[in-house]
Each structure stands twice: as C-alpha cells, then as structure tokens.
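One structure is given here, and the rest of the page talks about it.
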Amino acid sequence: MTIEQQIITGIKEAFQTLFSHELSAGELVLQPTRKEFEGTFTFVVFPFAKVTKMAPEASGIKIGEFLKANTKVVDDYNVVKGFLNISVGKNAWLGVFDSLYQNPDFGQLPKNGQKVMVEYSSPNTNKPLHLGHLRNNFLGYSVSEILKANGYDVIKANLVNDRGIHICKSMVAYRHFGNGETPESSGLKGDHLAGKYYVIFDQQYKKQIQELAEKGQTEDQAKKNAPLILEAQEMLLKWEANDPEVIALWKTMNTWVYAGFDATYKKMGVDFDKFYYESDTYLLGKDIVDEGLAKEVFFKKTDGSVWVDLSSEGLDEKLVLRGDGTSVYITQDMGTCDLKYQDFEFDKSVYVVGNEQDYHFDVLFKIMRKLGRPYGNGLYHLSYGMVDLPTGKMKSREGTVVDADDLMQEMIDTAESHTKELGKIDGFNAEEAAALYETLGMGALKYFLLKVDPKKRMLFNPKESIEFQGNTGPFIQYSHARIAAILRKADQLGVDFSTNGYAGMDKLENAERELIVVLYDFEKKIKAAGEEFSPSLLAQYLFDLAKEYNRFYADLSIFNESDPKVQSFRIALSAMTAKTIKAGMKLLGINVPDRM
RNA sequence: GGUCCUGUAGCUCAAUUGGAUAGAGCAACUGCCUUCUAAGCAGUAGGUUUCAGGUUCGAUCCCUGACAGGAUCACCA
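Going by the numbering used here, the first residue of the first sequence is number 1069, and it counts up by one from there.
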C-alpha cells in the first residue's frame, strides 16, 4: 500500500469511528501541502462539514488526532482553517526511498496487455520539415515512449503524403526549371531541393495569374487557367493512370526527399515501426462507403454523391464520396483506419495532428463509431496547437518558415558557443565535444517544445534564441552531470552506496525528505502523462526534480559528511535522482550527459 | 454568421481538474565560488487571472453575456 492509500484508509476509518459515516475511497482525495505550511499531504475538510456536523477546523483536529493514533505513517498534523495538513514520519519516507531504490523496474509500469498505434510526423514529400513538424515529431515520439512506460505495446506509424496536386506542383516546376539538377549537383538535401521547386512553382504560377489578369481575366479565372496549374492537374491524372514518364520522375524526386527526411529524422532522434504511403492508400475506403450505405449510416444524393448526416451529434452533413465516384480526404482516412486495424488490431489509435484538423477527426471518429468498428472508442486525436512566429503563422510558400534542419543546427552551434564561453570543455576530445553540443542543443530545443501543454498554441521568437538557463533542458541535463560527477568521486573513494536499507537512520533533513517526496511522484507523473497524452506534465516534473536536487546539493554536503551511513544515503539519493532524470528525459526523447 | 479553442507578472509558461496568501523561468535588482560542476543556490520587486454578472463555505477553473486573438465550417489535403 502506498503512503497515500494508508492515509486514505485511515481517514475512512476516522469517519466510521468518529462520525459513523461510510465513505468510499474515491470520495477522499489528498493534495500536496503548500510549501508555506508544515506537512506533505493535505486533506480538505470543508466538503464534509455536513457529515461531521462540526466546524471544519474542529473536525480536522479530530481526524488528525485519529490518524496520529491509529496509522503507522502519520507522524504529526496541523489544521489551518479547513485544511488538515499531514506530516509523514521519517521512517515511512526512508522506507519509500528503499523500495524505490531497490525497484529494478522503476519508471516502467507493468504491461497492460494493450496495443496502441501512434501516428505522427506524416510529412508531405514536396517540402522540407519546419518548426511545426518539430513539435509534431517530438510530441509523437515522446507520447509513444510515455505509453510504453505505461505498459502499452506501441506501434509508431508514419503516414507519408507522397501524392496529390501539391506533389505534382514540385514536379512540374522541376521539369520546367530544374535543368537536371540533383541533390549531388546542387549540394542541396533532397527534401530541400523538392521544396525549392515547390516555391518556384508558386512564384511562376503567380506570375502567370498576373499576366492573365492583365489580359482581362478575373482573378478566379486566371487561377484556373494558368498553364502551370493546368499542367499540374494533367500530371496528377497521368500519375493516377500510371504514366511511365510521370511515375519515373515521381520516384526519382521521392527518393531524394526520403534521403533528406532520413537525415532529418536521425538528427531529431525519432523513429517509426511502420510507414504507410498515401500512394498506396488513396484508393481505400470506397468499400466502406458501400458498407455505410448498406447500413444506412450514409445516404446518396440525387447527383450520386454520398453523405453522412451527423446533425444529431452536433455536426453537419459531410461528404464522403464525390458525385463522380472519386474519393475525398475522409474516404481515404476511413480506409486507412481499417487498414491499420487489420495490420495491428490495436486497442487504441492516436493521431498526432495539428488542431486545424479538429473538425475532420471529430467527423472521422464519429463515422467509424457509427459503422460499429470495434476500435471506435479507442480513436484519439492528439490535437496540438500551432507554433506561431511573432509575425504570425508560418507559410511555406511565402518563405516565412523556420526550417527544421536549420534550427537544429543553430541550436547545436549555440550549445557549442555557450559551452566554450563557460570554459567547460577541458578533457573532451573533438568527437566527445561534438556529441555534447548535439545533446545540449537538441535537449534545449526538445524541452522548449515539449514543456508547453500540447493543445496550446505557442510562440517562437527566432530573434530570442532558446534559453540554456532556468526552466530548460540544459538545466536538467546539468543537474544530471553534477550527480554523475559525485558518483564518479564516490566510486573513486570506494564508498558503498548500493547497500539496501536506509530505514533505520537517525535523522532525515528537510532537503532529503523533499527530494524523496518528489522522486516518489515519478511514476504517478508517468501515469498522468500517459492518460492525458501530455509530455509537458513530465517536463514540468523533471524541472521540479532538478530544482529540488540543486537545493539539496546547495544545502547539504556529501563528502564532508562524517557519518558514513548518512554519506552513503546522500549518494544513494543522488544516484536515484540521476536515474530518474535520465529515465524521465528519455521519455521526452532527450539524452543526458555525464559531464558538461 | 455557425461551431470549436485560447486569454494568468513586461515576456514565455505553471496552477494536482472547485481549495489556503495564484506559482516557476527569462528580463531587472541584492547576496553566495579557498569546500562535491555558479548552465547553480538564496533573496527583492513584479497580479483587479481580459471585462461584467451568476452558482457556493470557497472560482484562474463551472454557467451566462460581452471583448480580444486563433482555427474551422470545400465535391482541398
């Protein structure tokens, strides 16, 4: 039984004995005591005034006395207004520490037998990844790792958008203006090369629109009649008809792009278990349309188009198949949904996609449930907010994007200059130094993007570089490196801190107890982060942990401590903290250095 | 216009889902390296939680209405 459970049980018994009233454990909640008061857990008495038929303060005292007399863990209490603050005894905390320290599976909750698919990244192959994709990828990766730590079997999936009119735009522009350029000949990464032609297309297209407008066409007409867009549309048809020449160009350019993406993913430190390609899946879903018609979930209009009516669920009528029998976005998504299930029979399927598609996924999930899919209730849209610049939204065609490759490199360079400025590079060879810069730069970037609640949109100011001090990745990494130095020294001195059992110690300093309390929270935070699909909870926690450790580090000396048991304990506490930081940061996709 | 999301210190973000005097970091100011890494620690200052009502022992959180910002409402993806 955890400490909280013991206290809750005690409170339950208190209510039975003192007020002859039965309460379920679910009605009783403890919250952390605020720093300015004595105690670790607080029980709020106000809501039970009716039951106790006494003033909250008086009932708080009675309950507190009862707990002190009848439980092993409660050592002391105090009541402020209706708040019963509970202090847990030294030995209970040392017992908690021992069990954490001895648990080989600390940070990994037991397998729950459930399978979850996490789809993230899902890039378009006509342009390189940008800052928005970084948030998506880091989120998707981190959530996957968090779910693993929660006991899920996780499949990371990437649905690559490798076809469609936007891809054809890059191809058309390349055919006209490429002059046979390749990644090798230009020195450009493949994805950047494709992106270059996507931009060129847009520029030339705009030029043509203007020319047509000058010849008297309206803007709408000009947009439809510009030769480049007509050519792109024609190319899309040829692609669908398997035209050998078009397919050859498509394959060539895609190969370039994938090589570029591979490099970017590697730098990001993300990976996938399964790739889906829209070129394979874009025809799926039409059989589901038939099924939906047969089940009368869908209906057909006179022009032959097929619709679903979701007005009873607060949404609209929504098209699921065009009148000419061709697919729309959602047709294909229904098909892919089933395909994924056929492949993996997941219990849950998470889509990491920006909040601009909230409505789309709302519709998709409602449809799949109406169709009676067994996995219908396991579908979840992890909707995250856009990353805005001070100037507003990023637009790839207007060149206002922050490129992912550039930004990662900048972060690594900044880490290098910071480190050199601080003169902390003694004893590193060139290779180690480079690895450290990458660890720190990427740590800063990932932490920056993950510490914010995913669903909130966030601001990135390119002019103010991402911090390395305060609530940042490097701060947490630094705390780890500090501990690593202590552990090295302990090893050198031959101090044994692997011993089991600190429960009998005479004294527990405040800084030590506070640290144990925070360590004790780790698995609860993993659970919460998993339930809410929110790495930010974990990021926030790791900052608190590092802060608490640094307080301990400043307050108490380790190697000047004369009592060997206390010294050993403080090293063990440090080792436990390092282990927790490392494991927690791993769940965010962030590495921690042993020296920095 | 309909629907959804957001609004907290100068800036970037928290607040255990209704609890105590709303907390951190950055920026500003003051201390602390002859002692385990100062990318650190301790402290000062900074707030009408956009506004107005309501619900109750108690509201940043729930309800109603304004105001501001964003997204979405395509036979686009």
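Quick reminder that beta carbons are idealized off the backbone N, C-alpha and C, glycines included. Here the structure is a predicted model, which means the values were calculated and not measured.
- DSSP places Leu1561 in the helix class (H, G or I) of the three-state scheme.
- If you check the CB distance, Asn1423 and Asp1166 do not come in under 8 angstroms.
- Here Asn1204 really is in contact with Tyr1452; their C-beta atoms are around 7 angstroms apart, less than 8 angstroms.
- The closest CA to that of Met1644, considering only Glu1313, Ser1547, Ala1217, Gly1337, is found on Ser1547.
- In this structure, Leu1606 places its C-beta atom within 8 angstroms of the C-beta atom of Leu1656.
- In the structure shown, Asn1146 adopts extended strand secondary structure according to DSSP, grouped into three states.
- Around the Cβ of Glu1500, a 10 Å sphere holds fewer than 16 other Cβ atoms; the residue is exposed.
- Along the stretch 1511-1576, the alpha helix (DSSP H) occurs as fully enclosed runs of 4 or more residues at 1541-1561, listed in sequence order.
- In this chain, Ala1123 is not harboured by any alpha helix (DSSP H), its DSSP state being neither H nor E.
- Excluding its 5 nearest sequence neighbours in each direction, Lys1216 has C-beta neighbours in its own chain below 6 angstroms: Val1222, listed in chain order.
- Secondary-structure assignment with DSSP links Trp1375 through a beta bridge to Phe1367, Leu1387.
- The residue from Ile1268, Val1563, Leu1177, Ser1485 with its alpha-carbon nearest to that of Tyr1505 is Ser1485.
- The stretch 1108-1125 and the stretch 1148-1162 touch, with no fewer than 3 CB-CB distances between them shorter than 8 angstroms.
- Counting only runs of 4+ residues, the alpha helix (DSSP H) found wholly inside the stretch 1388-1466 occupies 1397-1412, 1426-1438, in chain order.
- The alpha carbon of Tyr1443 has as its nearest neighbour, out of Asp1564, Met1185, Lys1335, Glu1104, the alpha carbon of Met1185.
- Under the three-state reduction of DSSP, Thr1110 is assigned to strand.
- Put simply, the backbone Cα of Met1069 is about 51 angstroms away from that of Glu1359.
- In this structure, DSSP gives Val1585 a helical state, which the three-state scheme calls helix.
- In the DSSP annotation of this structure, the continuous segment of the beta strand (DSSP E) that includes Tyr1344 starts and ends at 1342-1345.
- Cβ contact annotation for Arg1390 (same chain, cutoff 8 angstroms, sequence separation greater than five): Ser1373, Val1396, in chain order.
- Taking the Cα positions, Asp1589 is about 48 angstroms away from Leu1351.
- Shown here, Pro1100 sits in a strand according to DSSP, grouped into three states.
- Annotation note: the stretch 1183-1261 contains the following uninterrupted alpha helix (DSSP H) runs of length 4 or greater, listed N- to C-terminal: 1199-1217, 1233-1245, 1251-1254.
- Three or more pairs of CB atoms, one per stretch, sit closer than 8 angstroms, so the stretch 1625-1640 contacts the stretch 1549-1568.
- A distance below 8 angstroms between beta-carbons, with the five flanking residues on each side excluded, links Lys1523 to the following residues of its chain, in chain order: Asn1423, Ser1451, Tyr1452, Gly1453.
- Residues Ala1549 of the same chain have their beta carbon placed closer than 6 angstroms to that of Arg1663, with the five preceding and five following residues left out of the count.
- Here the stretch 1246-1266 lies against the stretch 1316-1334, with 3 or more beta-carbon pairs under 8 angstroms apart.
- Rounded to whole angstroms, Ile1075 and Ser1602 show a C-alpha spacing of 29 angstroms.
- When C-beta atoms of the stretch 1327-1341 are compared with those of the stretch 1417-1435, fewer than three pairs fall below 8 angstroms, so the two segments do not count as touching.
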